[in-house]
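S.K.:
In this note's numbering, the protein residues as written are 427 to 708.
#1: Find the nearest neighbour of residue 476 within the set 509, 571, 566, 494, judged by alpha-carbon distance.
#2: In the DSSP assignment, what are the bridge partners of residue 682?
#3: Using 8 Å as the threshold, is the C-beta distance between residue 660 and residue 503 below it?
#4: Nearest to residue 634 by CA position, among 689, 549, 684, 595, is which residue?
#5: Taking only the alpha-carbon atoms, compute the straight-line gap between residue 599 and residue 584 and give it to the nearest angstrom.
#6: Relative to the C-alpha of residue 534, which residue among 513, 556, 521, 602 is closest?
#7: In three-state DSSP terms, what is residue 699?
#8: Start and end of the beta strand (DSSP E) containing residue 518?
#9: Suppose the cutoff is 6 Å on Cβ atoms and the five residues either side in sequence are ignored; what does the same chain contact list for residue 554 look like?
#10: Contact between the stretch 456-467 and the stretch 654-674: three or more CB pairs below 8 Å?
#11: Using DSSP's beta-bridge definition, name the partner residues of residue 687.
#12: Looking only at C-alpha atoms, which of 506, 632, 649, 705 sits nearest to residue 672?
#13: CB residue 655 to CB residue 646, shorter than 8 Å?
#14: Pick helix, strand or coil for residue 570, following the three-state DSSP scheme.
#15: Can you tell me which of 470, 607, 484, 457 puts its alpha carbon nearest to the alpha carbon of residue 657?
#16: Three or more C-beta pairs under 8 Å: does that hold for the stretch 563-570 against the stretch 513-529?
#17: Does DSSP put residue 624 in a helix, in a strand, or in coil?
#18: Can you tell me whether residue 530 is helix, strand or coil according to DSSP?
#19: Find out if the Cβ-Cβ distance for the pair residue 544, residue 518 is shorter than 8 Å.
#20: Using three-state DSSP, classify residue 463 as helix, strand or coil.
#21: Hey, could you find the ends of the beta strand (DSSP E) residue 656 is sitting in?
#22: Tell me, please, which residues DSSP counts as bridged to residue 455.
#23: Taking the C-alpha atoms as reference points, what is the distance between residue 500 and residue 695?
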């Protein structure tokens, strides 16, 4: 599939036209990728309210992306939609800690320590989302695998895991992706400064995250079919070829949308095969 087309140039033209027309630097610009048309944030939300899963990508350390994620969550909650929030930032083994936080049984200082043991970026980036979930009693879902497991796969490959380490993981993780998603993994790999002879391990670690997060998401949906899940994850996992395609293979017909804030895919081009909406702030 030709995922990476010429959209970036078109998007920049749309941005320039929108700015000139409004003479305004705080306007949301949302592009619906199916037809490359600018739509309002409210129009996008009207579409998102109709689906079961919404993947909202991010560059982890970009505060604007987390503002967008919280805004989408707030609007869905305001519309009365039963929600859950799936997070790459927590492993599935943290679920009890997440449940206690949402139930108000863990104070902020204690939960911040749990957060820091799970994710190495500042609390300030995700704190408003986590506090909103607690205040509104919105379930949080730990989607990821333990950090030491993913790091071991990145260093030594999936085959290096012990039987105990594999017990809660999808079987036979391999670097089996299409050409366009492989190109994105290679770009990400080069930005990590890793050596070429460990690329396969790096790719297997990415697929381990995609497949494991898809598995834990589907397990939650199976037990809680009435809730819409907003998935918060890096752009490389949120893009259709990442986590969503793994979900689609296991649960065909499950309705979903992908929202990507720009830029989440460095040096890449985004088309309708990658996402449904592109959000640009300026």
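Note that CB positions come from ideal geometry on N, CA and C, so glycine has one too. In this text the structure is predicted, and so the values were computed from the model without any measurement.
M.R.: Taking the definition as stated:
#1: To locate residue 476, count along the chain shown from 1; it is residue 50. In terms of CA proximity to residue 476, 509 leads the group 509, 571, 566, 494.
#2: The residue labelled residue 682 in the question sits at position 256 within the chain shown. Answer is 479, bridged to residue 682.
#3: Stepping through the chain shown from its first residue, residue 660 is reached at position 234. Stepping through the chain shown from its first residue, residue 503 is reached at position 77. No, they are not a contact pair.
#4: Within the chain shown, residue 634 is the residue found at index 208, counting from 1. Ranking 689, 549, 684, 595 by Cα distance to residue 634 puts 595 first.
#5: Here the question's residue 599 lines up with position 173 in the chain shown. Here the question's residue 584 lines up with position 158 in the chain shown. In a straight line, the C-alpha of residue 599 is about 6 Å away from that of residue 584.
#6: For this step, residue 534 is matched to residue 108 along the chain shown. Considering only alpha carbons, the answer is 556.
#7: The sequence position of residue 699 within the chain shown is 273, counting from 1. Coil, per DSSP.
#8: Within the chain shown, residue 518 is the residue found at index 92, counting from 1. Following the DSSP letters along the chain, one finds residue 518 in no beta strand (DSSP E), marked with neither H nor E.
#9: The sequence position of residue 554 within the chain shown is 128, counting from 1. Result list for residue 554: 496, in chain order.
#10: Taking 8 Å as the limit for Cβ pairs, the verdict is that the stretch 654-674 does not touch the stretch 456-467.
#11: Here residue 687 refers to the residue found at position 261 of the chain shown. In DSSP, residue 687 forms a bridge with 705.
#12: Mapped onto the chain shown, residue 672 falls at position 246. Ranking the options by Cα distance to residue 672, first place goes to 632.
#13: For this step, residue 655 is matched to residue 229 along the chain shown. For this step, residue 646 is matched to residue 220 along the chain shown. The Cβ atoms of residue 655 and residue 646 sit closer than 8 Å to each other.
#14: Start at 1 with the first residue of the chain shown, and residue 570 comes out as number 144. Of the three classes helix, strand and coil, the one that applies to residue 570 here is strand, per DSSP.
#15: Your numbering for residue 657 matches position 231 in the chain shown. Ranking 470, 607, 484, 457 by Cα distance to residue 657 puts 484 first.
#16: Taking one beta carbon from each stretch, the stretch 563-570 and the stretch 513-529 have 3 or more pairs nearer than 8 Å; the two touch.
#17: For the purposes of this step, residue 624 is identified with residue 198 of the chain shown, where counting begins at 1. DSSP places residue 624 in the helix class (H, G or I) of the three-state scheme.
#18: Here the question's residue 530 lines up with position 104 in the chain shown. The three-state secondary structure of residue 530, taken from DSSP, is coil.
#19: The residue labelled residue 544 in the question sits at position 118 within the chain shown. The residue labelled residue 518 in the question sits at position 92 within the chain shown. Using a Cβ distance threshold of 8 Å, residue 544 and residue 518 do not count as a contacting pair.
#20: Translated into the one-based positions of the chain shown, residue 463 becomes position 37. DSSP places residue 463 in strand when its eight states are reduced to three.
#21: As a first step, residue 656 must be located in the chain shown, where it is residue number 230. Note, residue 656: beta strand (DSSP E), 654-658.
#22: Counting from one through the chain shown, the residue named residue 455 turns up at place 29. Answer is 706.
#23: As a position in the chain shown, residue 500 is number 74, starting the count at 1. As a position in the chain shown, residue 695 is number 269, starting the count at 1. Taking the straight line from one Cα to the other gives about 29 Å.
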